[in-house]
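Participant: Here you go, one structure.
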Ligand code: SF4
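Numbering (our numbering), first residue to last: 148 to 501.
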């Protein structure tokens with residue numbers, strides 16, 4: 148259910164079935180040009196595909212423009228309250244702007260922003276947030292809920308569409324995972340514009356990752372979302388890393404080894420926790436990021452059967468263990484040699500493919 152419309156942000160396409168694009172936001176001083184450039188480059192190196200910057204002043208808008216002219220990654224200007232900042236950011240070369248029409252001022256001012264975006268044919272992200280829902284919607288519904296959030300998003304999209312512009316992306320933000328999910332599902336069924344998904348104010352690394360995994364993972368599995376931002380109270384590098392983790396766990400990225408390991412049980416006779424971690428670290432250390440599945444199982448009785456799909460695997464036993472591939476035993480080795488034997492077989496097969 149990816150959106151039908153395609154929106155171009157710089158040279159990055161979102162929507163229309165394109166792969167989900169990862170984005171993040173800088174969190175250094177918007178007037179510190181060097182810090183911004185360093186952070187943008189670090190994020191880009193980590194896999195960030197679109198970067199958003201807060202533009203809280205005219206000076207910040209000018210700096211935004213200078214940075215825009217010196218980096219490749221598409222840049223989005225995040226604007227609140229002052230329509231003149233939005234216009235200046237557009238003139239400074241923003242590839243997209245993010246506004247909340249509800250806080251940008253009068254309809255007349257909004258129209259000025261829309262016309263500026265139209266002139267440069269850059270998309271506008273219409274962002275609504277459960278914390279700043281229009282009063283009439285809250286009054287009508289008696290609370291802030293998913294339906295109200297969806298109504299606000301659709302209303303604001305229509306406001307801009309009625310101004311003759313439909314180069315739009317929509318986002319709805321709530322820190323309530325369930326409300327967020329329901330609101331997105333509603334909007335996805337009622338608009339063809341690409342959807343930017345995220346759980347706002349998700350929290351610290353621990354709680355933020357948990358909410359993002361559930362909140363974004365469930366939406367993506369339901370086919371909703373064209374671009375995503377994991378929002379954490381942390382270095383934004385963590386946001387990009389975790390966005391990649393979510394996409395990987397859903398099978399939308401295949402840029403690393405899929406390590407599976409059993410939960411252990413009464414049959415386990417080795418220190419499987421250590422062995423599984425050792426295999427994971429060794430693969431990482433050797434730079435093996437092939438899209439293969441490696442299984443680390445606790446016993447020779449059920450291990451290979453339970454991990455039939457694994458390209459490679461090992462199963463511990465009593466003094467001895469086995470190396471297996473696709474459910475078939477290929478070698479019996481001493482327990483202390485399991486790790487090295489597994490690695491040497493993987494290395495050998497990789498060399499054969501070179
Ligand atoms: S693979 Fe063996 S040790 Fe691991 S959970 Fe299954 S039966 Fe238990």
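Quick reminder that beta carbons are idealized off the backbone N, C-alpha and C, glycines included.
Quantities reported herein were computed from a predicted structural model and do not represent experimental measurements.
Which residue or residues does DSSP assign as beta-bridge partners of residue 470?
Facilitator: Along the chain shown, read from residue 1 onward, the residue named residue 470 stands at position 323. Answer is 461 and 478, bridged to residue 470.
Participant: List the DSSP bridge partners of residue 405.
Facilitator: To locate residue 405, count along the chain shown from 1; it is residue 258. Its beta-bridge partners are 440.
Participant: Under three-state DSSP, which class holds residue 185?
Facilitator: By one-based count along the chain shown, residue 185 stands at place 38. Correct three-state label for residue 185: helix.
Participant: Classify residue 276 as helix, strand or coil using the three-state DSSP reduction.
Facilitator: Taking the first residue of the chain shown as 1, we reach residue 276 at position 129. Strand at residue 276.
Participant: What are the residues that DSSP puts in a beta bridge with residue 343?
Facilitator: By 1-based counting over the chain shown, the position of residue 343 is 196. DSSP output for residue 343 lists 318 and 374 as bridge partner(s).
Participant: Can we say the segment 406–419 touches the segment 383–393, given the rule of at least three CB pairs closer than 8 Å?
Facilitator: Cβ pair count under 8 Å is below three, so no.
Participant: Could you name the residues, in chain order, whose CB is less than 7 Å away from a heavy atom belonging to the ligand SF4?
Facilitator: Here the list is 409, 410, 411, 412, 414, 415, 444, 445, 446, 448, 449, 450, 453 and 462.
Participant: Would you list the one or two residues that DSSP bridges to residue 199?
Facilitator: Stepping through the chain shown from its first residue, residue 199 is reached at position 52. DSSP lists 172 and 223 as partners of residue 199.
Participant: In the DSSP assignment, find the unbroken beta strand (DSSP E) run with residue 261 in it and report its ends.
Facilitator: By 1-based counting over the chain shown, the position of residue 261 is 114. Residue 261 -> not in any beta strand (DSSP E); alpha helix (DSSP H) instead, spanning 254–267.
Participant: Would you give the residue range spanned by the beta strand (DSSP E) that residue 244 belongs to?
Facilitator: By 1-based counting over the chain shown, the position of residue 244 is 97. Looking at the DSSP string, the run of the beta strand (DSSP E) that includes residue 244 is 243–246.
Participant: Within its chain, find whatever has a CB closer than 7 Å to the CB of residue 178; leave out the 5 residues flanking it on each side and keep chain order.
Facilitator: As a first step, residue 178 must be located in the chain shown, where it is residue number 31. Answer for residue 178: 206, 207 and 210, listed in chain order.
Participant: Which term fits residue 466, buried or exposed, when burial requires 16 or more other beta carbons within 10 angstroms of its beta carbon?
Facilitator: Mapped onto the chain shown, residue 466 falls at position 319. By the 10 Å Cβ count, residue 466 comes out exposed.
Participant: Check for me: the alpha helix (DSSP H) holding residue 159 runs from which residue to which?
Facilitator: Reading the chain shown from its first residue, position 12 is the one you call residue 159. Premise fails: residue 159 lies in the beta strand (DSSP E), 159–161, not in any alpha helix (DSSP H).
Participant: Between the segment 389–396 and the segment 360–377, can you find at least three pairs of beta-carbon atoms closer than 8 Å?
Facilitator: In short, these stretches touch, since the Cβ pair count reaches three.
Participant: On the CB-based measure, 16 or more other CB atoms within 10 Å of its CB, does residue 401 come out buried or exposed?
Facilitator: Position 254 of the chain shown, counted from the first residue, corresponds to residue 401. Looking at its Cβ environment, which holds fewer than 16 other Cβ atoms inside 10 Å, residue 401 is exposed.
Participant: Between the C-alpha atoms of residue 299 and residue 189, what's the straight-line distance to the nearest angstrom?
Facilitator: Here residue 299 corresponds to residue number 152 of the chain shown, with the count starting at 1. Here residue 189 corresponds to residue number 42 of the chain shown, with the count starting at 1. Taking the straight line joining both Cα atoms gives about 35 Å.
Participant: Going by DSSP in three states, residue 291 sits in which element: helix, strand or coil?
Facilitator: Counting from 1 along the chain shown, the entry for residue 291 is found at position 144. It is coil, neither helix nor strand.
Participant: Whose C-alpha, out of 263, 344, 479 and 319, is nearest the C-alpha of residue 311?
Facilitator: Counting from one through the chain shown, the residue named residue 311 turns up at place 164. The shortest Cα separation from residue 311 among 263, 344, 479 and 319 belongs to 263.
Participant: According to DSSP, which residues form a beta bridge with residue 271?
Facilitator: Start at 1 with the first residue of the chain shown, and residue 271 comes out as number 124. Looking at the DSSP assignment, residue 271 forms a beta bridge with 244 and 315.
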